[in-house]
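First the structure, in the form of C-alpha cells, and then the observations on it.
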Amino acid sequence: MNDQKIRVRFAPSPTGPLHIGGVRTALYNYLFARKHGGKVILRIEDTDQNRYVKGAEDYIVESLNWCGILFDEDIVNGGPYGPYRQSERKHIYREYAEQLVRHGYAYYAFDTPEELDVMREKEKNNDVHLSQYGPFTRLGMKNSLSLSQDEVKQRIASGEPYVIRIKIPENEEIHVNDLIRGDVLVQSSSLDDKVLFKSDGWPTYHLANIVDDHLMEISHVIRGEEWLPSAPLHVLLYRYFGWEETMPEFAHLPLLLKPDGNGKLSKRDGDRLGFPVFPLQWMDPVTKDISSGYRESGYLPDAFVNMLAFLGWNPGTEQELFTMDGLIHEFSLERVGKHGSKFDPEKARWYNHQYLVKKPEKELIGLLKQELEKRNLHFEDPFIATVIHLIKERANLIPDLWNNSCFFFLPPTAYDEHVVKKVWNPPPVVFALLTSFLKEAEAISEWNHDQVYAFIQDFVSRKDMKMGQLMNPLRLLMAGNNQGPGIMDIATTLGKEEFLKRIETGLGKMPR
Ligand code: GLU
Numbered sequence: 389m390n391d392q393k394i395r396v397r398f399a400p401s402p403t404g405p406l407h408i409g410g411v412r413t414a415l416y417n418y419l420f421a422r423k424h425g426g427k428v429i430l431r432i433e434d435t436d437q438n439r440y441v442k443g444a445e446d447y448i449v450e451s452l453n454w455c456g457i458l459f460d461e462d463i464v465n466g467g468p469y470g471p472y473r474q475s476e477r478k479h480i481y482r483e484y485a486e487q488l489v490r491h492g493y494a495y496y497a498f499d500t501p502e503e504l505d506v507m508r509e510k511e512k513n514n515d516v517h518l519s520q521y522g523p524f525t526r527l528g529m530k531n532s533l534s535l536s537q538d539e540v541k542q543r544i545a546s547g548e549p550y551v552i553r554i555k556i557p558e559n560e561e562i563h564v565n566d567l568i569r570g571d572v573l574v575q576s577s578s579l580d581d582k583v584l585f586k587s588d589g590w591p592t593y594h595l596a597n598i599v600d601d602h603l604m605e606i607s608h609v610i611r612g613e614e615w616l617p618s619a620p621l622h623v624l625l626y627r628y629f630g631w632e633e634t635m636p637e638f639a640h641l642p643l644l645l646k647p648d649g650n651g652k653l654s655k656r657d658g659d660r661l662g663f664p665v666f667p668l669q670w671m672d673p674v675t676k677d678i679s680s681g682y683r684e685s686g687y688l689p690d691a692f693v694n695m696l697a698f699l700g701w702n703p704g705t706e707q708e709l710f711t712m713d714g715l716i717h718e719f720s721l722e723r724v725g726k727h728g729s730k731f732d733p734e735k736a737r738w739y740n741h742q743y744l745v746k747k748p749e750k751e752l753i754g755l756l757k758q759e760l761e762k763r764n765l766h767f768e769d770p771f772i773a774t775v776i777h778l779i780k781e782r783a784n785l786i787p788d789l790w791n792n793s794c795f796f797f798l799p800p801t802a803y804d805e806h807v808v809k810k811v812w813n814p815p816p817v818v819f820a821l822l823t824s825f826l827k828e829a830e831a832i833s834e835w836n837h838d839q840v841y842a843f844i845q846d847f848v849s850r851k852d853m854k855m856g857q858l859m860n861p862l863r864l865l866m867a868g869n870n871q872g873p874g875i876m877d878i879a880t881t882l883g884k885e886e887f888l889k890r891i892e893t894g895l896g897k898m899p900r
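In the working numbering, the protein residues as written are 389 to 900.
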C-alpha cells in the first residue's frame, strides 16, 4: 500500500441525525487514514432534496468534532478538491451522465410515474429481478433505446422531463473485491437500470458518489454494509467511465446489531431499551421529538469512541482500553469482522466508567462543580474532592457523580418509603435506639474515623445488637435511602454537627 496516496472519505447524507453506526464508519475511516499517513475527507451528500433535513449537517459536524474525528478536507475548512458539499458541485454531474449516454452506457428515459407503475403491475408475477426496469423490460418502455432518435430529440427539445438511466449489461458476472468480505460475485441480471440523473436536474447518489470519489482521488471506500448491494453498480460505473485503473478499494463494514442480535440497531431499540443511538441529542425540526444523545447522557467522548471502535474491530489482544492514538496505532481493516456486532449498552457504561475513574481529580471536581452550580450550591474543592473519592467507583456516567453524592451537599428532603419499611423496624425499637445514639454521640470529643468507629462498636455491643441494625437506619437518615459509601466515611465527611443534625431531623420525621 502506498501510504502517500491514501485518501478516504466519510460521506453522510444530511437526512437526519447521525446514527452511531455512521459515527463508527467515520471513525474507521479516520483511524485508517491516520494510521497510513493519508487524508480523511468529509463530504456532504445532499443531492436528494426531498430527504434534506434542516440542522442535520450541523449536527453531523458537531458530532464528529465531539468525538475528536477531525478531517483534513471538509465543508468547514475546504481543501484542494472542494467544494465538499455535493449541492455546491451540482454543475459537475450532468456532463458525466451525458458522457455515459454518448458512449452507450446510459440512456434517456421518459416514462411517467404512472407508466412505471403499469410496468411493475404487469411484471409483478415475475421474478423480482425480471420485473425491474432493466435488461428484460427496458425495450418495452419509453426511452432512447426503444424510441427512434428523432423522437428522442423531439421529446427533449419540447421540454419533456426525462431521467438518465444506466444500461446494465444482460448477462455478466460482476466482481466486487471487498477488503473485508473478499470476492463478492453478482450477476448483472439481478441489477436494475438505476437512475443516475433525475428530471429535476440533480444527480442521484450513485452518480454523484462515483464522480466525486474519482475527482477527489479516493483510494479506499470504507462504508456500511448496507451499501454492498450498490457496489456492483459502482464497479460498473467505474468501468463505463474508463476509471477502472484508479477505482478505489472497497471495505464494507458489518452492521451494528440490536443487543439481542436480531437485526439492525435502530432508533426504536434505543427508545425501548433506554440507551442513546445518537452521539448528541437531536430534536426533530418538524415533530420536535427529542432523541437522546451520548453526550447529553453523560458519556465522555474518548470512552464513546473506544467503545465504538470495538463494535466490529478488535486488536487481537486482551487490551480493551485505547486512546485515539492507541487506536490509530493498532487499527487495521484485516481485523474488522465480517459479522454484525451486537450493541451492548452495559459495555458502553463500562467503558465510560473506566474513563471516568481515571480522569484527573481536578477534572472530576470540575464536572461535579458544574452540577453543584446548576443548583446554586457552593463548596470548597477539597470537600468536593473527598466526596468524589468516596463515590466515583460507583459512577458510570457523568450525572452519577451528582446522583451518588447529592446527600453530601444537601440533607435528604424525603426518605425512601421501602427503605423506611425495611430498616426502621420495629419503629419503637429503632426510634429509641437512635435517640440514645444521638444523645451519646454528642459526647464524642474528637470527630475522626477512629473515635467514631470505636464509639459505634462500643455502642452496638452494649446494646447487644448487630452492626447493620444501627448502620442501616443511620444511612437512611443521612442519605434518605440505602445507598452510598460506608457510614464511617459519611460521618467523617459530613462532620459532627451535620451528622447529628440529620439524626435529629430524621427522628422528628420517622415513625415512633
Ligand atoms: N451518502 C451515503 C450515506 O449516506 C454514502 C455511502 C457511501 O459511503 O458511499 O451513507
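Using N, Cα and C, we set each Cβ at its ideal position, and we do this for glycine too.
Contacts around residue i, its chain only, beta-carbon distance under 6 Å, and the 5 residues preceding and following it disregarded
i: Arg543; result: Phe498
i: Phe887; result: Ala879
i: Tyr484; result: Val599
i: Arg422; result: Ile716
i: Ala691; result: Tyr739, Asn740, Tyr743
i: Pro557; result: Ser576
i: Ser475; result: Asp434
i: Ile779; result: Asn792, Ser793
Closest Cα partner of residue i within the set the options
i: Leu882; options: Ser793, Thr711, Tyr469, Lys582; result: Ser793
i: Met635; options: Pro787, Glu605, Trp701, Glu749; result: Glu605
i: Glu706; options: Asn836, Phe698, Met712; result: Phe698
i: Ser680; options: Leu696, Asp659, Pro770; result: Asp659
i: His424; options: Leu715, Gln537, Trp835, Pro620; result: Leu715
i: Lys726; options: Lys750, Trp701, Leu778; result: Trp701
i: Phe797; options: Asp804, His717, Lys810, Lys757; result: Lys757
i: Lys436; options: Leu789, Glu450, Gln520, Lys586; result: Checking the sequence shown, residue 436 turns out to be Asp, not Lys. Cα-wise, what sits closest to Asp436 is Lys586.
i: Ile891; options: Gly874, Gly868, Asp877, Pro873; result: Gly868
i: Phe795; options: Gly872, Ser685, Ser532, Lys393; result: Gly872
i: Lys555; options: Arg482, Asp580, Leu535, His563; result: Asp580
i: Glu633; options: Pro703, His563, His602, Ser729; result: His602
i: Ile552; options: Gly728, Asp571, Trp590; result: Trp590
i: Pro777; options: Ser685, Ile753, His479; result: Correcting the residue type first, residue 777 is His in the shown sequence and not Pro. Out of Ser685, Ile753, His479, Ile753 has the C-alpha closest to the C-alpha of His777.
i: Phe420; options: Met712, Glu781, Leu862; result: Met712
i: Gly856; options: Tyr469, Pro523, Ile875; result: Ile875
i: Asn559; options: Pro523, Thr774, Met695; result: Pro523
i: Ala736; options: Val775, Pro689, Leu765; result: Pro689
i: Tyr418; options: Leu696, Asp657, Lys442, Lys676; result: Leu696
i: Tyr628; options: Tyr495, Asn650, Pro748; result: Tyr495
i: Lys851; options: Arg656, Leu862, Ile394, Ala820; result: Ala820
i: Asn860; options: Trp812, Glu885, Lys889, Asp804; result: Trp812
i: Ser824; options: Asp571, Tyr416, Leu895, Lys427; result: Leu895
i: Lys889; options: Glu830, His766, Pro501, Asn870; result: Glu830
Own chain, CB closer than 8 Å to residue i, minus 5 neighbours either side, in chain order
i: Arg477; result: Pro471, Ala596, Asp600
i: Tyr440; result: Pro402, Thr403, Asp434
i: Lys854; result: Val848
i: Val759; result: Here residue 759 is Glu; the residue named in the question, Val, does not match the sequence. Pro787, Leu789, Trp790, listed in sequence order.
i: Gln344; result: The structure shown does not extend to residue 344, since the chain is modelled only from 389 to 900, so the question has no answer here.
i: Glu637; result: Asn565, Leu567, Ser607, His608, Val609
i: Pro815; result: Met898, Pro899, Arg900
Close-in-space but distant-in-sequence residues of the same chain around residue i (CB under 7 Å, 5 per side omitted)
i: Ala414; result: Phe398, Leu452, Ile457
i: Gly630; result: none
i: Lys442; result: Pro673
Whether or not the segment 401 to 412 and the segment 663 to 670 are in contact is what I'm after, with contact meaning three or more pairs of Cβ atoms, one per stretch, closer than 8 Å; do they touch? Yes, they touch.
Assess, as a yes-or-no matter, whether the segment 451 to 466 is touched by the segment 485 to 499 under the definition of 3 or more beta carbon pairs within less than 8 Å. Not touching, per the Cβ criterion.
Output the residue ranges of the alpha helix (DSSP H) runs that lie fully inside the segment 395 to 467 and measure 4 residues or longer, sorted by chain position. Assignment of alpha helix (DSSP H) within the segment 395 to 467, counting only whole runs of 4 or more residues, yields 408 to 423, 444 to 455 in chain order.
At a cut of 8 Å, does the segment 708 to 721 reach the segment 429 to 440 through at least three beta carbon pairs? These segments do not touch.
Given 8 Å as the limit, is there contact between the segment 574 to 594 and the segment 617 to 632, that is, 3 or more CB pairs closer than that? Touching, per the Cβ criterion.
Can you list, in chain order, the stretches of the alpha helix (DSSP H) that have 4 or more residues and sit fully within the segment 689 to 741? Inside the segment 689 to 741, DSSP marks whole alpha helix (DSSP H) runs of 4 or more residues at positions 689 to 697, 712 to 718, from first to last along the chain.
Entirely enclosed beta strand (DSSP E) segments - the segment 539 to 583, minimum 3 residues: Those beta strand (DSSP E) runs which fall completely within the segment 539 to 583 and span 3+ residues are 551 to 554, 561 to 566, 570 to 575.
Mind the definition here: the segment 610 to 620 touches the segment 637 to 657 only if three or more C-beta pairs lie below 8 Å; say whether that holds. Enough Cβ pairs lie closer than 8 Å, so yes.
Does the segment 724 to 742 come into contact with the segment 781 to 800, if we say contact requires no fewer than three beta-carbon pairs (one atom in each stretch) closer than 8 Å? Yes, they touch.
Could you tell me which whole beta strand (DSSP E) segments of length 3 or greater appear in the segment 606 to 665? Within the segment 606 to 665, the runs of beta strand (DSSP E) at least 3 residues long that lie entirely inside it are, in chain order, 608 to 612, 637 to 641.
Between the segment 520 to 531 and the segment 459 to 469, are three or more C-beta pairs nearer than 8 Å? They do not touch, by the three-pair rule.
Between the segment 804 to 815 and the segment 836 to 848, can you find at least three pairs of beta-carbon atoms closer than 8 Å? At 8 Å Cβ cutoff, the stretches do not touch.
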